[in-house]
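Below is one structure, written out as structure tokens; comments come after it.
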Amino acid sequence: MIYLVIAYAFAVALLGGFLVWSLRTIRELERIQ
Amino acid sequence: MNPLRVAMAVARKDLRSEWRTRELVPALAQFIVLALLIGNFGFQIDSRNAATIAPGILWLALVFAGLVAFGRTFAAEREQASLEAMLMTPASPVAIFAGKALAAAALLVLCEAVMLPALSLFFGTPFSGDVVAAVLLATVGMAALGCLFAAIVARVRARELLLPLLTLPLWIPFIIAGGLAVQSAMGLPGSYQQAIGLLIDFDILFVVLTSLAARFVLDE
Amino acid sequence: MNRYERAALAAVGLMLVAAAAIFLYAPTDALQGPVQRIFYLHVSSAIAAYGCFAVVLVGGVIYLFNGSIAADRFARAGAVVGVVFTTVTLVMGMLWAKPIWNTFWTWDARLTSTLVLWIIYAGYLLVRRMAEPGRQAARFAAVVGIFGFIDVPVVHFSVTWWRTQHPGPIVVNDALPAEMLATFLFTLACTLALATVFIAIRYRIETLIDQKVNAVEPAEVIAAPQPEAAP
Amino acid sequence: MSVIVADGLTHHFGTEPALEGVDLVLDSAEHMAVLGDNGAGKTTLLRILATALHPTAGRLQIAGLDAFREKRRLRHYLGYVAHAPGLYPALTAAENLEFFCDLQDVSRSRVAEALDAVGLTRFAHRRADQLSRGMQQRLAIARAILHEPRLLILDEPDASLGPDAADLLARVMNDRAVVLATHDQALANRLCPRTLVLRHGRSHGTATRLRVVQ
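Protein chains in written order, with the working numbering: chain A, 36 to 68; chain B, 46 to 265; chain C, 2 to 232; chain D, 32 to 245.
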């Protein structure tokens, strides 16, 4: 059971983190004129 | 502009340079001796398991020797900026690529010529036509791929890291099929014919692909 | 709240629905118990990764033939997203293997080719970073992307063939009951949607980097008058 | 018919502008010197003209052909001497030239003629890495004229040629269109009626001066 939790926790962390980081990068790049 | 003549000229030039400087052959010889010694001490080899372990040692040594040979073949060109001089001629990049691959493969075959008899001497594994055929067939495909990625890596930073990272995944099919061919030629279960057939298919696939890609890699 | 953030929100919403399906709707596997639920995202992200690497392949081929910077940007976007999904696939695969086969790793065809996939495209990203930005990086990366894409099925086939040469346990093939299949297909669809949004976002980032950082204008086709004068 | 027609040649290394909008026209058998201090963009310009570098923007036509699409056909037409000699150290001078004859698809009889043109006949059988810097430069020039190019691109060939540089270059440049990058103003005046001055990647006009007879 623990492996199930760790597996999905990892997936959410990696995909979520990557999504947030990418969106933030867009905002930063768009601010540079 | 006959590509064969260009390829032979490039191969001859590489082998002549190597013959005169002799940087590469000693380095490759060192791998072979090390592989044999470590193999001998690392694994408890006896007549029963020799046929399973010897091919492993053979491929390990060939892969490392190959990486060094291919890395060197283009590194020298880059240092002397002679790669650009070659590309500034009307010679087709595919022919130049074929010549470089041929020269590097020749060096590998030289290593195999030393390694295979040594293996059968030290580990008692059979040294037959089948074994030689399997190794040579694998060398063809591995040389084409190794040479292409050496050409890419030569003009990029962090080459020592990148060459194995790019080349090994593509060599895996040859190591699997070649490894099994050699093992079955040395008496283990497994179909030699199938393995050889697979090696030939991979050779055709990757020689064609690398020739198509050479145009884009050896350009400016 | 730009349109990329709105799209991201929609994709996350979809994934939450998929999660509900995975944990609430799908039945528990009789044989393996709850840990079998890893299967849904593990396989979906593998397929999504392979889809991303198809984008890298197509982008690379188009770039090599007509030098279009847009194709190269798609390839860059596809590679990064693909590697992220492959990482998810690998880690979930290992976490699933541990309770069932009592080992994190077995050299079976799927795991091995996924690992090779990861190595190749990590190499792809490294080549792109290490080469001279612009034409050289794009061209070398395109070649690596094309060979990488072809190598994975070849490795997968070689390992499977190698397995048949050694009498070993045949991996049980998992015929899925209806609810599981439905959950899987739905999760797959959501994951592919998420991957598409990721690629769009990364494409936007690459475009901005090109404009703001590398100051690379889209290469207008350099057409010169062609009077017929052979040298 | 012009040998080179270039307009708006621009090149950036990442965000580093190396060349900005350089225009250039060169007629057959015309000699042009490119002057400018280090970093002015001389080498970048010459590499583009020699089709060794693809510019970020701009149009280039050599012998009436689009220089980027017809690279291979133009290799018969032009010879290029870069900064680095680009020779094979373990091969002798003659072997180096023979190798490039094969690649240029030119008969090996040209080797002796080229060696003679640059005064290296006595060193034909010496290994390239045993030649002095100046002799290596001469060998690189010999290689660039093996296939009798109509256009020569020379990037600071006088760097280590020694006193008879001007005579040797004049001989080699004779009856060819030439673009010669150099620091040596006197050499430029003597060999090239036209000069192009580069400063920070921009061209400051193409000066045409009467040849000053020393």
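For each residue, glycine too, the CB sits at the ideal point set by N, CA and C.
Quantities reported herein were computed from a predicted structural model and do not represent experimental measurements.
Nearest to alanine 148(B) by C-alpha distance, out of Arg260(B), Arg61(B) and Arg50(B), is Arg61(B).
The segment 174 to 185 of chain B and the segment 223 to 236 of chain B touch, with three or more beta-carbon pairs separated by less than 8 Å.
In this structure, His178(D) is the residue among His178(D), Leu122(D), Pro120(D) and Ala88(D) with its C-alpha nearest to the C-alpha of serine 138(D). The contact set of glycine 235(B) on chain C, defined by CB atoms closer than 7 Å, consists of Gln166 in chain order. Between tyrosine 41(C) and isoleucine 23(C), the CB-CB gap stays under 8 Å. Just so you know, the alpha carbons of valine 144(C) and leucine 182(B) end up roughly 24 Å apart. In this structure, DSSP gives glutamine 125(B) a state outside helix and strand, which the three-state scheme calls coil. For glycine 39(D), the enclosing beta strand (DSSP E) begins and ends at 33 to 44. Among the CB atoms of chain B, one or more fall inside 8 Å of the CB of valine 117(C). At the C-beta level, leucine 118(D) and valine 51(B) stay beyond 8 Å of one another. Here DSSP, grouped into helix, strand and coil, assigns tyrosine 237(B) to helix. What arginine 129(C) touches in chain D, judged by beta-carbon distance under 8 Å, is nothing: the nearest beta carbon there is about 14 Å away. Boundaries of the alpha helix (DSSP H) around valine 44(C): 39 to 67. The DSSP assignment places 47 to 58 and 62 to 66 as complete runs of the beta strand (DSSP E) inside the segment 41 to 77 of chain D, in order along the chain (cut-off: 3 residues). Under a 10 Å Cβ-count criterion, arginine 141(D) is classified as buried, with 16 or more other Cβ atoms of the shown protein chains found around its own Cβ. Taking C-beta atoms under 8 Å as the contact rule, valine 210(D) and alanine 173(D) fail to qualify, at a distance of about 19 Å. In this structure, the straight-line span from the alpha carbon of arginine 117(B) to that of leucine 69(B) is close to 7 Å.
Contact note: valine 214(C) reaches chain D through Thr46, using a C-beta cutoff of 7 Å and chain order. For the set Gln125(B), Phe119(B), Leu213(B) and Gln238(B), the Cα lying nearest the Cα of tryptophan 119(C) is the one of Leu213(B). In the structure shown, alanine 98(D) falls within a coil segment according to DSSP collapsed to helix, strand and coil. Linking leucine 91(C) to phenylalanine 53(A) through their CA atoms gives a straight-line distance of about 17 Å.
Rounded to the nearest whole angstrom, the CA to CA distance from alanine 183(C) to arginine 90(D) is 57 Å. Against chain A, the CB of proline 100(C) has a partner CB under 8 Å away; the residue lies at that interface.
In the DSSP annotation of this structure, the continuous segment of the alpha helix (DSSP H) that includes arginine 4(C) starts and ends at 4 to 21. For leucine 112(C), the CB contacts under 7 Å within the same chain, skipping 5 residues up- and downstream, are Gly94 and Trp106 in chain order.
Along the segment 58 to 87 of chain B, the positions whose C-beta sits under 7 Å from a C-beta of chain D are Lys58, Arg61, Ser62, Arg65 and Thr66, read in chain order.
For tyrosine 111(D), no alpha helix (DSSP H) encloses it; the enclosing beta strand (DSSP E) starts and ends at 109 to 112. Across the structure, arginine 104(D) and valine 153(C) are spaced so that their CA atoms are roughly 38 Å apart. In this model, isoleucine 67(A) and lysine 213(C) are separated by some 7 Å (Cα to Cα).
Cβ contact annotation for leucine 162(D) (same chain, cutoff 7 Å, sequence separation greater than five): Ala124, Phe154 and Leu170, in chain order. In the DSSP annotation of this structure, isoleucine 67(A) is not part of any beta strand (DSSP E), being labelled neither H nor E. The three-state secondary structure of alanine 76(C), taken from DSSP, is helix. Here the alpha carbon of arginine 136(C) sits roughly 36 Å from the alpha carbon of alanine 11(C).
Taking 8 Å as the cut-off, the Cβ atoms of alanine 110(C) and arginine 164(C) count as close. In this structure, valine 117(C) lies near valine 156(C), with their beta-carbon atoms less than 8 Å apart. Listed along chain C are Val144, Ile147 and Phe148, each with a C-beta nearer than 8 Å to that of alanine 258(B).
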